[in-house]
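Step one of this worksheet: look at the structure below.
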């Protein structure tokens, strides 16, 4: 699947150069949706695991397939989303050469089919899932990387069947040992012949890994989606992380897509509004839009 460039799939993202303000959303569970929308979020970014699909029994399928999950039909009345997070559960073992790709494909057809019913055209689906891609103990790292690449290819192809763009998220080393920085994510995709795929820029993981913001600016043409939080994963505006510098690096490098808050709330009803205001105030694209 050939992906559009500059952080924008068809109808995904609102570009200030077209006179439309960018959009700002929040990754949130069901119980937080109402206060977040009331606080002024433009969209909700649902997790697929535990939200779009929910455990059926204990959420585990001994055969590695989809039997432990069912579609959450309660979400069908919700407004369409431009992005989704947490694509696969940890039990999928995406980098394990002994885990059958057929099981991965079966799960993804169920999960992505359900997401497509809730998605805006061209929506992005974040492939993060650190536990699922952690390299198994005793497995050759090259074999694990190859297996993960095959899993990403399967996700890409199944996503394309449903009009969704799979985007790879680098995660800090505390969450996974495979692909920790934006640079590593892009290099991995290019190494395995998936140069058309794009990545997520998440300030939390960028700061934890110490990846320079100059690198984010230079690679922003390969960024499809952005996540943001403040220090300690607090709501934006409550910490000391460089929100404005991060967003300026993305926008300066050509990114025109949405920005989703991914943080830990103490009291979402009182904190969501100020957090959204802090992100908008930090984003040069918001000011440039004249909104």
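Residue numbers (the working numbering): 892 to 1182.
C-beta atoms are modelled at their ideal positions from N, C-alpha and C, and glycine is treated no differently.
As the structure is a computational prediction, the values presented were derived from the model and not from experiment.
- Judged by beta-carbon spacing, residue 1092 lies beyond the 7 Å limit of residue 1070, meaning their Cβ atoms are not closer than that value.
- Around the beta carbon of residue 1067, 16 or more other beta carbons sit within 10 angstroms, so the residue counts as buried.
- About 7 Å separates the Cβ atoms of residue 1018 and residue 1058, confirming a contact at the 8 Å cut-off.
- By the criterion of at least three beta-carbon pairs nearer than 8 Å, the segment 1072 to 1082 is not in contact with the segment 1115 to 1130.
- Here residue 1161 is exposed: its Cβ has fewer than 16 other Cβ atoms, across all protein chains shown, within 10 Å.
- If you draw a straight line from the Cα of residue 1026 to the Cα of residue 985, it comes to about 9 Å.
- Apart from sequence neighbours up to five positions away, the residues of its chain that approach residue 961 with a beta-carbon distance below 7 Å are 944, 945, 947, ordered along the chain.
- Counting along the chain, residue 924 sits inside the alpha helix (DSSP H) bounded by residues 924 to 929.
- Going by DSSP, residue 1001 is part of the alpha helix (DSSP H) stretching over 992 to 1007.
- At least 7 Å separates the beta-carbon of residue 1173 from that of residue 1126.
- Setting aside the 5 residues that flank it on each side, residue 920 is surrounded in the same chain by 942, each with a C-beta closer than 7 Å to its C-beta; the list follows chain order.
- Residue environment analysis places residue 1038 among the buried positions, since at least 16 neighbouring C-beta atoms fall within 10 angstroms of its C-beta.
- Assignment of residue 1155 by DSSP, reduced to helix, strand and coil, places it in the coil class.
- CA-to-CA, the gap between residue 1055 and residue 1013 works out to about 5 Å.
- In the three-state DSSP reduction, residue 976 falls in the strand class (E or B).
- Around the C-beta of residue 968, fewer than 16 other C-beta atoms lie within 10 Å, and the residue is accordingly described as exposed.
- Relative to residue 1049, the option among 1111, 1021, 993, 1135 whose CA is nearest is 993.
- If you check the CB distance, residue 1142 and residue 1175 come in under 7 Å.
- Less than 7 Å separates the beta-carbon of residue 939 from that of residue 977.
- For residue 1050, the enclosing alpha helix (DSSP H) covers residues 1032 to 1052.
- In the three-state scheme derived from DSSP, where H, G and I count as helix and E and B as strand, residue 984 is classed as coil.
- The straight-line gap separating the alpha-carbon atoms of residue 1101 and residue 1015 is approximately 26 Å.
- A straight line joining the alpha-carbon of residue 911 with that of residue 980 spans about 36 Å.
- As for any beta strand (DSSP E) of minimum length 3 sitting wholly inside the segment 1049 to 1132, the runs are 1056 to 1059, 1089 to 1093, 1114 to 1119, ordered along the chain.
- Here residue 1006 is buried, its C-beta having at least 16 other C-beta atoms within 10 Å.
- Between the C-alpha atoms of residue 1159 and residue 1136 there is a straight-line separation of about 25 Å.
- Out of 988, 970, 1040, 996, the CA that lies nearest to the CA of residue 1008 is found in 970.
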